[in-house]
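K.L.:
Residue numbers (the working numbering): 2 to 565.
(1) At which residues does the beta strand (DSSP E) containing residue 134 begin and terminate?
(2) My output table needs one value for residue 203: the three-state DSSP class, helix, strand or coil.
(3) With a CB to CB cut of under 7 Å and the five nearest residues on each side skipped, what residues in its chain are close to residue 591?
(4) Specify, as a first and last residue, the run of the alpha helix (DSSP H) that residue 463 falls within.
(5) Since residue 496 contacts residue 169 with CB under 8 Å, what's their CB separation in whole angstroms?
(6) With DSSP as the reference, label residue 123 as helix, strand or coil.
(7) Am I right that residue 525 and residue 532 are in contact with their C-beta atoms under 8 Å? What's the rounded C-beta distance?
(8) Taking only three categories from DSSP, how would you classify residue 152?
(9) With a threshold of 8 Å, are at least 3 pairs of Cβ atoms found where one atom belongs to the stretch 322-329 and the other to the stretch 375-382?
(10) Mind reading off the beta-carbon distance from residue 514 to residue 491? Whole number of angstroms is fine, and I expect it under 8 Å.
(11) Which value, in whole angstroms, describes the spacing of the CA atoms of residue 502 and residue 508?
(12) Select from 413, 352, 228 the residue whose C-alpha is nearest the C-alpha of residue 321.
(13) Residue 219 lies in the beta strand (DSSP E); which residues open and close that run?
(14) For my contact list, residue 259 and residue 464 are in at a C-beta cut-off of 8 Å; report their separation, rounded to the angstrom.
(15) Hey, how far is the Cα of residue 163 from the Cα of residue 555?
(16) Closest by CA to residue 242, which one among 174, 91, 534, 101?
(17) Decide if the stretch 421-435 is in contact with the stretch 246-259; the criterion is three or more beta carbon pairs, one per stretch, under 8 Å apart.
(18) In whole angstroms, give me the CA-to-CA distance for residue 530 and residue 61.
(19) What three-state label does DSSP hand residue 393 in the structure shown?
(20) If I follow the unbroken alpha helix (DSSP H) through residue 77, where does it start and stop?
(21) Does the pairing of the stretch 411-418 with the stretch 350-366 give three or more beta-carbon distances under 8 Å?
(22) Does the beta-carbon distance from residue 167 to residue 176 come in below 9 Å?
(23) I'd like the ranges of any beta strand (DSSP E) spanning at least 3 consecutive residues and lying wholly in the stretch 210-276.
(24) Rounded to a whole number of angstroms, what is the C-alpha to C-alpha distance between residue 149 and residue 94?
(25) Measure from the alpha carbon of residue 290 to the alpha carbon of each residue in 388, 393, 517, 252, then state which is nearest.
(26) Go through its chain and collect everything with a Cβ distance to residue 250's Cβ below 6 Å, but skip five positions before and after it.
(27) Take residue 345 as the anchor and find which of 363, 214, 364, 318 has the nearest alpha-carbon.
(28) How is the alpha helix (DSSP H) around residue 356 delimited, first residue to last?
(29) Whose C-beta lies closer than 8 Å to the C-beta of residue 103 among residues of the same chain, with five residues either side of it excluded?
(30) Tell me the start and end of each unbroken alpha helix (DSSP H) in the stretch 84-117 that is at least 4 residues and wholly inside, in chain order.
(31) Between the beta-carbon of residue 146 and the beta-carbon of residue 83, is there less than 9 Å?
(32) Pull up the distance between the alpha-carbon of residue 423 and that of residue 451, whole angstroms please.
(33) Under 9 Å between the Cβ atoms of residue 76 and residue 123?
(34) Per DSSP, residue 457 forms a beta bridge with which residues?
(35) Tell me where the beta strand (DSSP E) around residue 520 begins and ends.
(36) By DSSP's criteria, residue 328 is part of a beta bridge. Which residues make up the other side?
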């Protein structure tokens, strides 16, 4: 009995040892092939294995306003892929023909996509739920794959469109902030790995291995969507009332450099790429150079005061014109005797400013124009910024110096102009203009956080205050009452500039109207620049750009609760 039990135990032990040996051998073999000699193993069997990949597109990050209101975001939608070789003859004849109508696309274009194809072809990446359900109700058994995806949407349609920009069908940023910050917004794509000999569409859960995508960063702007809406509304109203060609409005905080609103018209709806053209896609706030006219006069006065070639109490006499070399330069009106800077600024007297410019001299004037930032980009975080046009100082004679002194013969961008006015409003300190407040990643970690940056001091506080006093005298009953706001001290300057004509002179009918105002003058919180280009009937800025400023400033005072 004991011998039988012993033999049974011996056999069982032997069997156990054999099993352990076999498992050990298998483990060692896999260890050798998969870890120690992995590359050689893969090379040996590579021809027998065939794996493919499919891209998992990363969700694009959002663009939001300063209060986190979404201006551009990615919305859940559906992708439709069709493999015509897998469709039944019955589905080809009946169900397939109904898809173009459901998608509202051209039938010829639809069938051309599928012609002679034996693989899955992407038909659309923007099906809504209704379209998805309509296609599923066709009950096509094989050859149709509907998978979840994302679509870029702009909730406010054309609002801030020239600023935000748009993306192409490949989700690549093509203009505006979508282009400038594309690398931040687009995220990191993932991958699905699958057996490529599969003849089925790749659906969620079908892959053998996946690397998740990572959502793009959120770009927070300095603009306020409510201010943006108001400035665009008032701008469009003025353009329609005057039958003007185009317009610009910028609102800036002079103490921080933050842009609270930036409007450019014509604009476009980025949800409808078909309506985009070269005229409505540009951002005129940074991408046009224009001769500013009299709105440049505060800069000329500031330079002369700083160099002590002008006193605030200096007297002038305007007889309506002034001879400079062989040229007769006319003032827009004969003013006669004028007493002090405040009066010539209020009268916007060209003759007085010609004399100021000639006394200052071209070298010193150029020093201050470049110091204020004219002739080079402001480097705001937007693509395609122009730098203005400032002729070489060697090519400037007395006539050119005289015309530049009242804003002709020099071209600036709206962004340069409001930055210069903001420096005057900020006690002579120029702040770096910015449109970006913060950038955060998909885990809400802060990548970039704005802090106000002083670029340089362009004026002494004394001179800045003297120019502010003159600008405050402009917005008065004897100057530009159209810009006044009851209970508030407002400073500002108009500019009605002739556009250069093709014959080399200046047009008397094609004009650009500007007003740059500071609110309130005693403790500036915002600077507002309004520009209207080419009204149907020629006029003056005090009747066109100044009333537009007044509407916008009145709203902003209430909205931001700016004290008197």
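For glycine and all other residues, C-beta sits at the position ideal for the given N, C-alpha and C.
P.N.:
Looking at the coordinates:
(1) Taken as a continuous stretch (DSSP letters only), residue 134 belongs to no beta strand (DSSP E), being part of the alpha helix (DSSP H) at 130-137.
(2) Interpretation of residue 203 is limited by its pLDDT of 48, a score under 50 that renders its predicted location unreliable; the figure taken from the coordinates is listed afterwards. Three-state DSSP puts residue 203 in coil, outside helix and strand.
(3) The structure shown does not extend to residue 591, since the chain is modelled only from 2 through 565, so no value can be given for it.
(4) For residue 463, the uninterrupted alpha helix (DSSP H) run begins and ends at 462-475, by DSSP.
(5) At roughly 38 Å, the Cβ-Cβ gap does not stay under 8 Å, so residue 496 and residue 169 are not in contact.
(6) Residue 123: strand per DSSP, three-state reduction.
(7) Contact flag wrong, Cβ pair sits at about 20 Å.
(8) It is a strand residue.
(9) Short answer: they don't touch.
(10) Contact doesn't hold; Cβ gap of about 18 Å is too wide.
(11) About 5 Å.
(12) Sorting 413, 352, 228 by C-alpha distance to the C-alpha of residue 321 places 352 at the top.
(13) Counting along the chain, the beta strand (DSSP E) containing residue 219 begins and ends at 219-222.
(14) Incorrect: roughly 25 Å between the Cβ atoms, too far for contact.
(15) In a straight line, the C-alpha of residue 163 is about 25 Å away from that of residue 555.
(16) Nearest to residue 242 by C-alpha distance, out of 174, 91, 534, 101, is 534.
(17) Short answer: they touch.
(18) Here the alpha carbon of residue 530 sits roughly 33 Å from the alpha carbon of residue 61.
(19) In the structure shown, residue 393 sits in coil (DSSP, three-state: anything other than H, G, I, E or B).
(20) No alpha helix (DSSP H) holds residue 77; the beta strand (DSSP E) holding it covers 71-83.
(21) Judged by Cβ distances under 8 Å, the stretch 411-418 makes no contact with the stretch 350-366, as fewer than three pairs qualify.
(22) Result yes, Cβ atoms of residue 167 and residue 176 sit closer than 9 Å.
(23) Complete beta strand (DSSP E) runs here, min 3: 210-212, 219-222, 247-253, 260-266.
(24) Between residue 149 and residue 94, the C-alpha separation is close to 27 Å.
(25) Here the closest residue by C-alpha is 388.
(26) Answer for residue 250: 232, 236, 264, 531, listed in chain order.
(27) The option with the nearest alpha carbon to residue 345 is 318.
(28) For residue 356, the uninterrupted alpha helix (DSSP H) run begins and ends at 351-361, by DSSP.
(29) Result list for residue 103: 132, 135, 136, in chain order.
(30) Segments of the alpha helix (DSSP H) lying fully in the stretch 84-117: 90-94, 100-104, 108-115.
(31) In contact: residue 146 and residue 83 (Cβ atoms closer than 9 Å).
(32) Their backbone Cα atoms lie some 18 Å apart in a straight line.
(33) Between residue 76 and residue 123, the CB-CB gap reaches or exceeds 9 Å.
(34) DSSP links residue 457 through a beta bridge to 431.
(35) Run containing residue 520: 507-520, per the beta strand (DSSP E) assignment.
(36) Its beta-bridge partners are 325.
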